[in-house]
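S.K.: What follows is a single structure, and I will ask about it in a moment.
Number of protein chains: 2
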Amino acid sequence: MPRARKKQPVPSATVPRLSQYLRQLQELQARGTSTISSRQLAEAVGTNPAQIRKDLSYFGEFGIRGVGYEVEHLINELKKCLGLDRAWDTIIIGAGKLGTALARYRGFGKQGFHLMAMFDTSKAVIGKNRGAGPVLSTSDLEKYIRRHHVDIAIVTTPAAVAQTIIDRAVAAGVPSVLNFAPIRAQAKKPAIVRQVDLSTELMTLSYYLKNR
Amino acid sequence: MPRARKKQPVPSATVPRLSQYLRQLQELQARGTSTISSRQLAEAVGTNPAQIRKDLSYFGEFGIRGVGYEVEHLINELKKCLGLDRAWDTIIIGAGKLGTALARYRGFGKQGFHLMAMFDTSKAVIGKNRGAGPVLSTSDLEKYIRRHHVDIAIVTTPAAVAQTIIDRAVAAGVPSVLNFAPIRAQAKKPAIVRQVDLSTELMTLSYYLKNR
DNA sequence: GTGTGTGAAAGTATTCACAGCC
DNA sequence: GGCTGTGAATACTTTCACACAC
Chain A
0 MPRARKKQPV PSATVPRLSQ YLRQLQELQA RGTSTISSRQ LAEAVGTNPA
50 QIRKDLSYFG EFGIRGVGYE VEHLINELKK CLGLDRAWDT IIIGAGKLGT
100 ALARYRGFGK QGFHLMAMFD TSKAVIGKNR GAGPVLSTSD LEKYIRRHHV
150 DIAIVTTPAA VAQTIIDRAV AAGVPSVLNF APIRAQAKKP AIVRQVDLST
200 ELMTLSYYLK NR
Chain B
0 MPRARKKQPV PSATVPRLSQ YLRQLQELQA RGTSTISSRQ LAEAVGTNPA
50 QIRKDLSYFG EFGIRGVGYE VEHLINELKK CLGLDRAWDT IIIGAGKLGT
100 ALARYRGFGK QGFHLMAMFD TSKAVIGKNR GAGPVLSTSD LEKYIRRHHV
150 DIAIVTTPAA VAQTIIDRAV AAGVPSVLNF APIRAQAKKP AIVRQVDLST
200 ELMTLSYYLK NR
């Protein structure tokens with residue numbers, strides 16, 4: 000029996016970094032690199048080698064001592080760590096400019112995110128194709144979620160309705176939300192919510208510009 | 000002479016939180032709240048009261064003991080902390096769906112970010128209005144930056160050209176960049192770069208979905 | 001009494017540095 | 001010799017808890 004893996008908790012800062020290692024490795028693979036050391040990878044993503052080795056160590060031993068990492072193997076292991084060895088069913092709520100931009104973003108599907116439907120309240124948009132087949136009416140949101148399976152709801156509605164929409168999606172059974180509306184979204188249920196927040200990013204830049 | 004302020008460094012995690020306190024306070028002010036305690040504000044933004052008091056303490060003493068914070072006063076102080084007591088001249092490079100969505104986002108200007116121009120390489124877009132007057136040709140980027148003043152470049156180009164565009168903007172004198180392209184942008188100069196990264200956010204959700 | 005401002009304590013995250021394996 | 005994997009050391013962040021001001 001192999002020695003039991005120590006159960007150290009994965010730092011929350013590690014997770015987004017794994018996705019960056021993955022992207023960089025895919026880039027390197029496309030250019031023909033088949034082996035890489037933690038030092039080279041660190042240089043490419045702008046961090047330090049110990050960080051990478053430590054991050055990976057929470058999940059297993061993926062390298063060869065004295066050699067480095069086999070790029071293809073590490074890509075596959077990272078995909079497993081991140082849950083990208085399966086498809087996630089995704090919807091976009093809000094088919095305005097931003098929602099349409101996200102729907103049309105190629106490489107969305109590449110990592111296994113399957114965009115199933117888009118929703119909007121505007122009669123001018125419902126029925127039109129904004130990148131994922133005909134836009135559905137937001138009034139059918141619950142019906143759709145119960146009938147189909149949805150893992151991730153991407154919210155690109157105006158701020159005023161975003162919290163209500165999120166509450167509805169979560170109540171209907173969506174376990175995770177990626178919110179682009181400029182509100183601090185809350186979800187009481189055991190749903191997972193992440194924010195992408197233009198105005199916070201701009202203000203953060205403003206702070207560092209001021210104190211430059 | 001007042002006692003000299005202790006010079007404790009501001010944690011980098013504090014800065015984005017300030018912007019969220021600000022947004023929440025503006026929301027509360029719009030609803031007529033004129034005074035608030037750290038406990039109430041903490042509840043509204045989903046953190047704990049000591050965090051808020053500690054964050055504010057890096058910048059000064061803004062409250063009244065036994066009472067709380069005067070909302071309007073705290074808003075003004077936070078704006079000063081974040082450098083929002085002045086306007087920042089901003090351009091958007093890449094006038095596709097995403098760039099257009101950002102340009103049309105109302106509340107962009109509200110916090111003092113002044114969108115001056117947009118750039119694109121596509122003949123079909125140059126000259127059209129995408130939210131900030133006629134779109135200019137990216138080939139005129141350097142000329143524009145040298146002639147006018149630019150504090151922030153928002154990059155919404157395809158990944159393949161983003162790093163080159165960022166290098167050009169920085170070389171021409173732009174001190175800060177907000178990058179939406181799915182690359183880990185680097186800038187050698189003392190430029191400030193921040194990332195907004197859809198694919199990292201989705202992969203992070205994927206991780207937490209898998210381990211839910 | 002109430003709620004801020006802040007040192008000190010507890011909890012996380014990053015970096016170092018070296019044993020162990022190729 | 002070279003590079004990984006990892007305990008130990010350092011650095012950073014958050015939370016506690018209480019003196020102090022209103």
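Protein sequence lines, in the order shown, are assigned to chains A and B. Note that numbering that gives the first Met the number 0 has the first sequence beginning at 0, numbered continuously upward. Note that numbering that gives the first Met the number 0 has the second sequence beginning at 0, numbered continuously upward. Virtual Cβ for every residue (Gly too), placed ideally from N, Cα, C. Here the structure is a predicted model, which means the values were calculated and not measured.
For B:A102, report the span of its alpha helix (DSSP H) as first-last.
M.R.: Position 103 of the second sequence, counted from the first residue, corresponds to residue 102 of chain B. Counting along the chain, the alpha helix (DSSP H) containing B:A102 begins and ends at K96 to R103.
S.K.: Using a Cβ-Cβ distance cut-off of 8 Å, determine whether A:K53 contacts chain B.
M.R.: Indexing the first sequence from 1 puts residue 53 of chain A at position 54. Answer no: the Cβ-Cβ gap between A:K53 and chain B never drops below 8 Å.
S.K.: Can you tell me whether B:T199 is helix, strand or coil according to DSSP?
M.R.: Indexing the second sequence from 1 puts residue 199 of chain B at position 200. If DSSP states are grouped into helix, strand and coil, B:T199 belongs with the helices.
S.K.: Between the Cα of B:S18 and those of B:Q110, B:Y143 and B:V173, spot the shortest distance and give me the residue it belongs to.
M.R.: Residue mapping note: residue 18 of chain B aligns to position 19 of the second sequence, counting from 1. Measuring from the Cα of B:S18, the nearest candidate turns out to be B:Q110.
S.K.: Looking at the C-beta of B:A170, does it have a partner C-beta in chain A at a distance below 8 Å?
M.R.: Taking the first residue of the second sequence as position 1, residue 170 of chain B is located at position 171. It does not: the Cβ of B:A170 has no partner Cβ on chain A nearer than 8 Å.
S.K.: Report yes if the CB atom of B:S175 is closer than 8 Å to the CB atom of B:I144, and no otherwise.
M.R.: Taking the second sequence and counting its residues from 1, the one referred to as residue 175 of chain B is at position 176. Taking the second sequence and counting its residues from 1, the one referred to as residue 144 of chain B is at position 145. Cβ distance not < 8 Å, so B:S175 and B:I144 don't count as in contact.
S.K.: Please list, in chain order, all residues of the same chain as B:Q50 whose beta carbon is under 8 Å from its beta carbon, the five residues on each side excluded.
M.R.: What you label residue 50 of chain B is simply residue 51 of the second sequence in a count that begins at 1. Excluding sequence neighbours, B:Q50 sits near R16 and A41.
S.K.: Assuming A:V44 and A:Y68 form a contact by the criterion Cβ under 8 Å, report the distance between their Cβ atoms to the nearest whole angstrom.
M.R.: Within the first sequence, numbered from 1, the residue matching residue 44 of chain A stands at position 45. Within the first sequence, numbered from 1, the residue matching residue 68 of chain A stands at position 69. Contact flag wrong, Cβ pair sits at about 13 Å.
S.K.: Under 8 Å Cβ-Cβ, which residues of chain B neighbour A:A180?
M.R.: Start at 1 with the first residue of the first sequence, and residue 180 of chain A comes out as number 181. Going along chain B, no residue has its Cβ under 8 Å from A:A180, so there is no contact; the nearest lies around 11 Å.
S.K.: Using Cβ-Cβ distances below 8 Å, what residues of the stretch 6 to 28 of chain B are close to chain A?
M.R.: Of all residues in the stretch 6 to 28 of chain B, V14, P15, L17, S18, Q19, L21, R22 and Q23 have a Cβ within less than 8 Å of some Cβ in chain A.
S.K.: Do the stretch 93 to 100 of chain B and the stretch 123 to 141 of chain B touch if we need at least three Cβ pairs shorter than 8 Å?
M.R.: Yes, the stretch 93 to 100 of chain B touches the stretch 123 to 141 of chain B.
S.K.: For a contact defined as C-beta to C-beta under 8 Å, what are the partners of B:L83 on chain A?
M.R.: Taking the first residue of the second sequence as 1, we reach residue 83 of chain B at position 84. Those are M202 and S205, listed as they occur along chain A.
S.K.: List the residues of chain B that A:T99 touches, going by C-beta distances under 7 Å, in chain order.
M.R.: What you label residue 99 of chain A is simply residue 100 of the first sequence in a count that begins at 1. Correct list: K96.
S.K.: Of all the residues that make up the stretch 146 to 170 of chain B, which are near chain A by a beta-carbon distance shorter than 7 Å?
M.R.: Of all residues in the stretch 146 to 170 of chain B, D150 and I151 have a Cβ within less than 7 Å of some Cβ in chain A.
S.K.: Could you spell out the range, first to last residue, of the alpha helix (DSSP H) harbouring A:H72?
M.R.: For the purposes of this step, residue 72 of chain A is taken as residue 73 along the first sequence, with counting starting at 1. Run containing A:H72: V70 to C80, per the alpha helix (DSSP H) assignment.
S.K.: Would you decide whether B:S33 is buried or exposed? Buried here means 16 or more other CB atoms lie within 10 Å of its CB.
M.R.: The residue you call residue 33 of chain B lines up with position 34 of the second sequence. Exposed.
S.K.: What residues in the stretch 109 to 125 of chain B bring their beta carbon closer than 7 Å to a beta carbon of chain A?
M.R.: Flagged, chain order: Q110 and F112.
S.K.: Does the structure place the stretch 197 to 210 of chain B close enough to the stretch 174 to 192 of chain A that three or more beta carbon pairs sit under 8 Å?
M.R.: In short, these stretches touch, since the Cβ pair count reaches three.
S.K.: I'd like to know whether the C-beta of B:Q50 is nearer than 8 Å to at least one C-beta of chain A.
M.R.: As a first step, residue 50 of chain B is located in the second sequence; it is residue number 51 there, counting from the start. No, its Cβ sits nowhere closer than 8 Å to a Cβ of chain A.
S.K.: Please list the partners that A:Y68 has in chain B, where partner means a Cβ-to-Cβ separation under 9 Å.
M.R.: In the first sequence, residue 68 of chain A corresponds to position 69, counting from 1. Neighbours of A:Y68 on chain B: none; closest Cβ ~18 Å, over 9 Å.
S.K.: From A:R211, A:G126 and A:R167, pick the residue whose C-alpha is nearest to that of B:K188; which is it?
M.R.: By 1-based counting over the second sequence, the position of residue 188 of chain B is 189. The shortest Cα separation from B:K188 among A:R211, A:G126 and A:R167 belongs to A:R211.
S.K.: By DSSP, does A:T163 sit in helix, in strand, or in coil?
M.R.: On the first sequence, residue 163 of chain A is found 164 positions in, with the first residue counted as 1. Reduced to three states, the DSSP call for A:T163 is helix.
S.K.: Spell out the partners DSSP gives A:T34 in its beta bridges.
M.R.: As a first step, residue 34 of chain A must be located in the first sequence, where it is residue number 35. According to DSSP, A:T34 bridges with A:E69.
S.K.: A:P181 to B:Q23, Cα distance in whole Å?
M.R.: Counting from 1 along the first sequence, the entry for residue 181 of chain A is found at position 182. Counting from 1 along the second sequence, the entry for residue 23 of chain B is found at position 24. Going by the C-alpha atoms only, they are around 11 Å apart.
S.K.: Can a CB atom of chain B be found closer than 8 Å to the CB of A:S56?
M.R.: Translated into the one-based positions of the first sequence, residue 56 of chain A becomes position 57. Not one chain B Cβ lies under 8 Å of A:S56.
S.K.: Would a C-beta distance cut-off of 8 Å place B:V195 and B:A184 closer than the cut-off?
M.R.: Your numbering for residue 195 of chain B matches position 196 in the second sequence. Your numbering for residue 184 of chain B matches position 185 in the second sequence. No; because the gap between Cβ atoms is not below 8 Å, this pair is not in contact.
S.K.: Give the C-beta separation of B:A94 and B:H113 to the nearest angstrom, bearing in mind that I take them to be a contact with Cβ-Cβ under 8 Å.
M.R.: Position 95 of the second sequence, counting from 1, holds the residue named residue 94 of chain B. Position 114 of the second sequence, counting from 1, holds the residue named residue 113 of chain B. Wrong, their Cβ atoms sit about 17 Å apart, outside the cutoff.
S.K.: In the DSSP output, which residue or residues are listed as bridge partners for A:T89?
M.R.: Within the first sequence, residue 89 of chain A is the residue found at index 90, counting from 1. The partner list for A:T89 (beta bridge, DSSP) reads A:L114 and A:I151.
S.K.: Going by other Cβ atoms of all chains shown within 10 Å of its Cβ, with 16 needed for buried, is B:R2 buried or exposed?
M.R.: As a working mapping, residue 2 of chain B is identified with position 3 in the second sequence. The predicted position of B:R2 is uncertain, since its pLDDT is 43 and thus under 50; no value can be drawn from it.
S.K.: Starting from B:Q25, trace the alpha helix (DSSP H) both ways and give me its first and last residue.
M.R.: Residue mapping note: residue 25 of chain B aligns to position 26 of the second sequence, counting from 1. Per DSSP, B:Q25 belongs to the alpha helix (DSSP H) from T13 to A29.
S.K.: Output, in chain order, the set of chain B residues within a Cβ distance shorter than 9 Å of A:F35.
M.R.: Taking the first residue of the first sequence as 1, we reach residue 35 of chain A at position 36. Per the sequence shown, residue 35 of chain A should be read as Ile rather than Phe. Residues of chain B passing the Cβ test: none, with the nearest at roughly 15 Å.
S.K.: With distances taken from CA atoms, which of B:D139, B:L77, B:R146 and B:N47 is nearest A:T199?
M.R.: On the first sequence, position 200 is the one that residue 199 of chain A refers to. The residue with the shortest Cα to Cα distance from A:T199 is B:L77.
S.K.: I want to check one thing, is the minimum distance from the CB of A:L135 to the heavy atoms of the ligand SAH below 7 Å?
M.R.: Within the structure as shown, the ligand SAH is missing, as the structure has no ligands at all.
S.K.: Closest to B:V149 by CA distance: which of B:V160, B:Y104, B:D88 and B:P8 is it?
M.R.: For the purposes of this step, residue 149 of chain B is taken as residue 150 along the second sequence, with counting starting at 1. Selected option, being the one with the closest Cα: B:D88.
S.K.: Strictly below 7 Å CB to CB, what residues from chain B border A:K209?
M.R.: Taking the first sequence and counting its residues from 1, the one referred to as residue 209 of chain A is at position 210. The contacting residues are G82.
S.K.: When DSSP builds the beta bridges, which residues end up paired with B:I144?
M.R.: Reading the second sequence from its first residue, position 145 is the one you call residue 144 of chain B. DSSP output for B:I144 lists no bridge partner at all.
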